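Sequential numbering of the sequence shown, starting at 18, is according to my numbering. Each residue gets a CB set at the ideal place from its N, CA and C atoms; glycine is no exception. Bear in mind the structure is a predicted one, so any value in this text is a computation, not a measurement. Below: the structure, in structure tokens.
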Amino acid sequence: MKKISLRIFTITLALAAFCFAGCSKNEGTAQQAGQSAQAVQPTVRYKDGVYKAVSGIKDDWGGNAEVTITVKDGKITDCEFLSYEKDGTLKGEDYGKTDGVIKNAGLYKIAQNAIKNAEKYGPKLVETQQLDKVDAIAGATVSYELFENVVGIALKQAKAE
């Protein structure tokens, strides 16, 4: 009985040590891994100019988007992302209203938050210089799909050969 209890205790102790080791923070290794990943990833250069594109896809309600990207000295210096309703109206303060009236305050708030959060995509692209480094923002994930699509089209035009 003592041997079985000792084995169970030893196994439990080993499992606990394994679990705690997996949870430990090892910043040196993570930092080194990040540095080596950055060194491997090539930097994309773009041709200077202003590039405009319209999304090749529609959102869940038939709307689309457009982007204007400015490149200076091979880097993205500005990105304006605009999203439109199915009828071509710019999504603004009336987005989420029905016939110009707020009929559902909750849905209106969600729609307005989506616009506000989608406005963050352009500056994030300027900051990161890479589309794949711009993450979707909660509350604006449908806009993110449009952003990804339209920016991909514009950056293809801007890519230096």
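Residue range of the unbroken alpha helix (DSSP H) whose run includes residue i
{"i": "N134", "result": "A122 to A135"}
{"i": "L148", "result": "First-last for L148: undefined, no H or E at that position."}
{"i": "Y161", "result": "T158 to A175"}
Closest by C-alpha distance to residue i, when choosing among the options
{"i": "I74", "options": "T145, A128, N134 and E102", "result": "E102"}
{"i": "G109", "options": "C96, N130, Q174 and A122", "result": "N130"}
{"i": "I154", "options": "E97, R62 and K133", "result": "K133"}
{"i": "T87", "options": "R62, L107 and A157", "result": "R62"}
{"i": "D95", "options": "E136, E178 and K114", "result": "E136"}
{"i": "Q147", "options": "G91, G156, D116 and G80", "result": "G91"}
Integer-rounded CB distance, given that residue j should sit under 8 Å from residue i
{"i": "D77", "j": "V159", "result": "6 Å"}
{"i": "Y185", "j": "A128", "result": "Here the chain covers residues 18 to 178 and nothing more, so residue 185 does not appear."}
{"i": "N166", "j": "S72", "result": "5 Å"}
{"i": "I170", "j": "A70", "result": "4 Å"}
Exposure of residue i, with buried meaning 16 or more beta-carbon neighbours within 10 Å
{"i": "K173", "result": "exposed"}
{"i": "N121", "result": "exposed"}
{"i": "V57", "result": "Here the model assigns V57 a pLDDT of 36, short of 50, so the residue's position is not dependable, and the following value carries that caveat. Looking at its Cβ environment, which holds fewer than 16 other Cβ atoms inside 10 Å, V57 is exposed."}
{"i": "V118", "result": "exposed"}
{"i": "G80", "result": "buried"}
Continuous beta strand (DSSP E) stretch holding residue i: start and end
{"i": "I86", "result": "N81 to K89"}
{"i": "L99", "result": "K92 to Y101"}
{"i": "V71", "result": "G66 to V71"}
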